[in-house]
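> So the sequence shown is numbered by this note's numbering: it starts at -16 and just counts up by one. Idealized CB from N, CA, C, for every residue including glycine.
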Amino acid sequence: MLRRLDGLIATLVLVALAIGAVSVRREPERLAGDVRVVDGDTIELGGRRLRIAGIDAPELRQTCERGGELYRCGETAREELRRLAGPGLTCRVAGRDRYARDLAVCEAGGRDVGAALVSAGLATAYGRYEAEEREARRRRLGLWAGTFQRPAEWREAHPR
């Protein structure tokens, strides 16, 4: 009888611990420090590589067309991210993508960096910032001022 009772108590304790672990909400991890911009949607911050959540920027080698001329839209996106990610950049890790990369929502000067890139037409919305993309398209800003291949399509056509 005591063995059964011990087994039942042990099971109840394990169930209670499991429920407690699920119900405890962790604060999102926040990072700040020296930033290195890798490309138009990827940075290194605090020794971690982070992909900006909710956007997809042209690849560094990607070119786009505007006014009948080709330009390096991937480089343009990276330069704008460098400008935006100046001193005071903070990021909140928001999960991982399907490639196990850390996704982060980043702010600088009280401004959401992902929203700013999409609003300027230098990145496309990817699960977030759809209103910003619609407005950039309407105003024909950045990528929307000419023709371009969406970054995911470009990557598929240009494997490394």
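Under three-state DSSP, which class holds Thr46?
Coil at Thr46, not helix or strand.
> Can you list, in chain order, the stretches of the beta strand (DSSP E) that have 3 or more residues and sit fully within the stretch 59 to 136?
Listed in chain order, they are 73 to 79 and 85 to 91.
> Taking only the alpha-carbon atoms, compute the straight-line gap between Gly93 and Gln45 and give it to the nearest angstrom.
C-alpha separation (whole angstroms): 30 angstroms.
> Can you give the Cα-Cα distance for Val20 and Leu33, rounded to whole angstroms?
If I take the Cα positions, the gap works out to 10 angstroms.
> What's the gap between the Cα of Ala83 and the Cα of Gly50?
Approximately 38 angstroms between the Cα atoms of the pair.
> Using the rule of at least 16 other Cβ atoms within 10 Å of the residue's Cβ for burial, across every protein chain shown, is Gly78 buried or exposed?
Classification for Gly78: exposed.
> Cβ of Gly69 within 8 angstroms of Cβ of Ala36?
No, Cβ-Cβ distance for Gly69 and Ala36 is not below 8 angstroms.
> Compute the Euclidean distance between the alpha carbons of Glu27 and Val18, then round it to the nearest angstrom.
Looking at the two C-alpha atoms, the distance is approximately 6 angstroms.
> Taking its Cβ as the centre, do 16 or more other Cβ atoms sit within 10 Å of Glu116, making it buried, or is it exposed?
Classification of Glu116: buried, given that the 10 Å Cβ count is 16 or more.
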